[in-house]
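Residue numbering for the sequence shown follows UniProt numbering, beginning at 1 and increasing consecutively. Just so it is clear, CB atoms sit at the ideal spot from N, CA and C, and this is done for glycine as well. See below for the structure under consideration.
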Amino acid sequence: MGSSGAPELTHELSNNPRAGGRATILGIGTAVPVHVYEQKSFPDYYFEITNSNHLVDLKAKFANICKCMRNYHSARRQRRRSGTCTSSDEWLRANPSVTAYMSTSLNVRQQVAEEGIPRLGAEAVCNAIGNWGKPASSITHIVFATTSTGCLPSADVTLIKLLGLPLSTKRVMLYQSGCFGGTTALRVAKDIAESNRDARVLVVTSEVMSLIIRGPSESHVGNLVAQAVFGDAAGAAVVGCCCHPSSTGERPVFELVRASQDVIPGTDDAMVVKVQQEGVVITLHRDLPLHVSNAIGGVVESAFRGVGTTVTSYDEAFWLLHAGGRAVVDGVEERLGLGEGKLAVTREYGNTRSTTIFLAMEEMRRRSEERGMATAGEGLEWGMLMAFGPGLTVETMLLRAMPRN
Ligand SMILES: CC(C)(COP(=O)(O)OP(=O)(O)OC[C@H]1O[C@@H](n2cnc3c(N)ncnc32)[C@H](O)[C@@H]1OP(=O)(O)O)[C@@H](O)C(=O)NCCC(=O)NCCSC(=O)CC(=O)O
Numbered sequence: 001m002g003s004s005g006a007p008e009l010t011h012e013l014s015n016n017p018r019a020g021g022r023a024t025i026l027g028i029g030t031a032v033p034v035h036v037y038e039q040k041s042f043p044d045y046y047f048e049i050t051n052s053n054h055l056v057d058l059k060a061k062f063a064n065i066c067k068c069m070r071n072y073h074s075a076r077r078q079r080r081r082s083g084t085c086t087s088s089d090e091w092l093r094a095n096p097s098v099t100a101y102m103s104t105s106l107n108v109r110q111q112v113a114e115e116g117i118p119r120l121g122a123e124a125v126c127n128a129i130g131n132w133g134k135p136a137s138s139i140t141h142i143v144f145a146t147t148s149t150g151c152l153p154s155a156d157v158t159l160i161k162l163l164g165l166p167l168s169t170k171r172v173m174l175y176q177s178g179c180f181g182g183t184t185a186l187r188v189a190k191d192i193a194e195s196n197r198d199a200r201v202l203v204v205t206s207e208v209m210s211l212i213i214r215g216p217s218e219s220h221v222g223n224l225v226a227q228a229v230f231g232d233a234a235g236a237a238v239v240g241c242c243c244h245p246s247s248t249g250e251r252p253v254f255e256l257v258r259a260s261q262d263v264i265p266g267t268d269d270a271m272v273v274k275v276q277q278e279g280v281v282i283t284l285h286r287d288l289p290l291h292v293s294n295a296i297g298g299v300v301e302s303a304f305r306g307v308g309t310t311v312t313s314y315d316e317a318f319w320l321l322h323a324g325g326r327a328v329v330d331g332v333e334e335r336l337g338l339g340e341g342k343l344a345v346t347r348e349y350g351n352t353r354s355t356t357i358f359l360a361m362e363e364m365r366r367r368s369e370e371r372g373m374a375t376a377g378e379g380l381e382w383g384m385l386m387a388f389g390p391g392l393t394v395e396t397m398l399l400r401a402m403p404r405n
């Protein structure tokens with residue numbers, strides 16, 4: 001139990017590497033779609049394309065929420081939607097069932113997701129493999145997470161065909177995994193890598209919001225918040241145990257030290273996601289940020305405990321937090337007493353569900369390299385990756401940044 005008074009949450013996973021070492025991230029890549037919507041002009045766009053300009057008060061509320069998102073994200077980041085022609089303006093205008101608040105539309109939405117998810121994922125994979133520097137044929141396993149669809153044959157099958165990977169590549173598909181799906185995928189990859197000598201596990205997340213885009217309703221502000229918050233992106237990482245990097249020519253970036261996953265008691269209604277004839281309907285409860293911040297102290301304390309880290313203050317660690325929304329990030333920062341700038345990379349990007357942590361991770365690595373820091377974790381050794389989603393589930397991964405040289 002943490003001194004925060006939060007409920008005892010963390011169920012620690014065993015950590016018994018059998019592949020001769022701990023799993024590490026050996027390459028990272030991301031991809032974002034070509035369609036960009038500026039947060040500033042998004043309220044005008046969204047109310048126009050959903051034929052809702054008559055809902056004047058609701059539009060003002062939405063504009064306020066988006067304004068806050070604009071302050072929250074750095075100006076150079078925008079929200080993005082799938083680059084497929086079908087989720088362009090043309091597609092939205094041609095499909096009023098998608099832009100209505102509630103209209104039967106699952107089929108038409110699903111087509112966009114089915115095509116867009118593996119394609120965007122493949123772009124991120126190519127970037128991750130380029131960063132890794134080894135041939136794609138060295139990949140032995142894939143763990144693919146998406147919250148954006150649920151069709152079979154699954155997105156990982158399409159992905160291996162797009163990439164030309166052997167059809168014998170061993171796959172794990174995590175559908176409807178929530179925003180913590182990227183962290184779950186890393187946990188599964190860690191277990192695979194540490195149990196199979198020479199395994200090289202490709203972790204992929206890809207989120208395309210075609211199933212959740214819908215018009216506004218005065219009686220469903222939780223949906224409106226979801227419309228303001230979420231965007232599309234894909235992330236990828238190559239994970240493997242690399243005991244002798246000098247002989248393999250690989251460059252471990254972050255060691256995956258320990259994983260945890262916990263459900264916060266009494267929070268079933270905080271985030272509810274239903275697959276319906278009308279698409280995926282998301283309801284976010286206004287207390288969600290409070291639930292996360294109330295629980296976070298206990299979760300983080302347990303995650304750091306007993307592994308021999310040198311961290312005596314949370315500011316001595318680097319932080320990769322899922323960018324849930326302004327209120328969530330501010331709440332976590334305050335509860336953990338983090339110093340200014342500790343969540344800077346989280347604030348740099350919006351919420352792209354399971355992909356968010358990869359955008360943050362890549363950004364941190366990029367900044368650290370640019371500044372000549374000793375590790376990709378802002379020059380620090382220990383760090384915490386944290387994401388949350390329906391359940392409410394909080395998932396963490398304790399990271400150890402490897403020296404860059
Ligand atoms: C949306 C915000 C950025 C807006 O911030 P602001 O500072 O502008 O203002 P605010 O918080 O006062 O909210 C503005 C108005 O919206 C209302 N409001 C906010 N959130 C609401 C909700 N979930 N349901 C109903 N109403 C809500 C407020 O009461 C207020 O109404 P009034 O004007 O009447 O007073 C912030 O509230 C936020 O970050 N909320 C958390 C978003 C969230 O749930 N993220 C998790 C996504 S899930 C995820 O990431 C995991 C996953 O997908 O798996």
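With distances taken from CA atoms, which of the options is nearest residue i?
i           : options            : result
residue 255 : 27, 100, 401       : 401
residue 236 : 24, 28, 23, 110    : 28
residue 195 : 240, 397, 99       : 240
residue 115 : 128, 92, 162       : 162
residue 110 : 152, 321, 125      : 152
residue 210 : 192, 231, 222, 348 : 231
residue 326 : 319, 350, 157      : 350
residue 173 : 347, 141, 220      : 141
residue 269 : 337, 189, 40, 285  : 285
residue 362 : 20, 23, 32, 21     : 32
residue 205 : 104, 122, 221, 367 : 122
residue 132 : 261, 113, 30       : 30
residue 159 : 177, 120, 365      : 120
residue 60  : 171, 164, 166, 216 : 216
residue 169 : 335, 136, 150      : 136
residue 129 : 342, 238, 365, 336 : 238
residue 319 : 339, 308, 405      : 339
Determine the direct distance from the alpha carbon of residue j to that of residue i, and round the result to whole angstroms.
i           : j           : result
residue 245 : residue 202 : 18 angstroms
residue 138 : residue 383 : 28 angstroms
residue 389 : residue 271 : 7 angstroms
residue 144 : residue 200 : 14 angstroms
residue 101 : residue 316 : 46 angstroms
residue 37  : residue 124 : 21 angstroms
residue 397 : residue 26  : 16 angstroms
residue 380 : residue 369 : 13 angstroms
residue 74  : residue 65  : Confidence is the limiting factor: at residue 74 the pLDDT is only 43, short of 50, which leaves the residue's position unreliable and the question unanswerable from this model.
residue 156 : residue 54  : 43 angstroms
residue 296 : residue 274 : 26 angstroms
residue 58  : residue 225 : 11 angstroms
residue 84  : residue 40  : Summary for residue 84: the model assigns pLDDT 44, below 50, so the residue's position carries little reliability; its value from the coordinates is reported in the next sentence. In a straight line, the C-alpha of residue 84 is about 23 angstroms away from that of residue 40.
residue 347 : residue 386 : 14 angstroms
residue 314 : residue 234 : 29 angstroms
residue 403 : residue 253 : 8 angstroms
residue 63  : residue 43  : 5 angstroms
residue 76  : residue 294 : Because the pLDDT at residue 76 is just 41, under 50, the model does not fix this residue reliably, and the value given afterwards should be weighed accordingly. So the alpha carbons of these two residues sit roughly 31 angstroms apart.
residue 212 : residue 147 : 11 angstroms
residue 188 : residue 23  : 11 angstroms
residue 267 : residue 291 : 7 angstroms
residue 391 : residue 288 : 11 angstroms
residue 8   : residue 306 : In this prediction, residue 8 scores a pLDDT of 47, lower than 50, which makes its location untrustworthy; no coordinate-derived value is stated.
residue 185 : residue 21  : 19 angstroms
Residue i lies in the alpha helix (DSSP H); which residues open and close that run?
i           : result
residue 361 : 356-370
residue 279 : Element bounds for residue 279: not the alpha helix (DSSP H) but the beta strand (DSSP E), 279-284.
residue 408 : No answer is possible for residue 408: it lies beyond the span of the chain, which begins at 1 and ends at 405.
residue 161 : 155-163
Which residues mark the beginning and the end of the beta strand (DSSP E) in which residue i is found?
i           : result
residue 142 : 141-146
residue 28  : 23-31
residue 262 : 254-263
Check whether the region 179-187 and the region 347-362 touch, using three or more Cβ-Cβ pairs below 8 angstroms as the test.
yes
Between the region 279-289 and the region 300-312, do three or more beta carbon pairs fall short of 8 angstroms?
no
Count the CB pairs spanning the region 255-269 and the region 365-376 that are closer than 8 angstroms, and state whether there are at least three.
no
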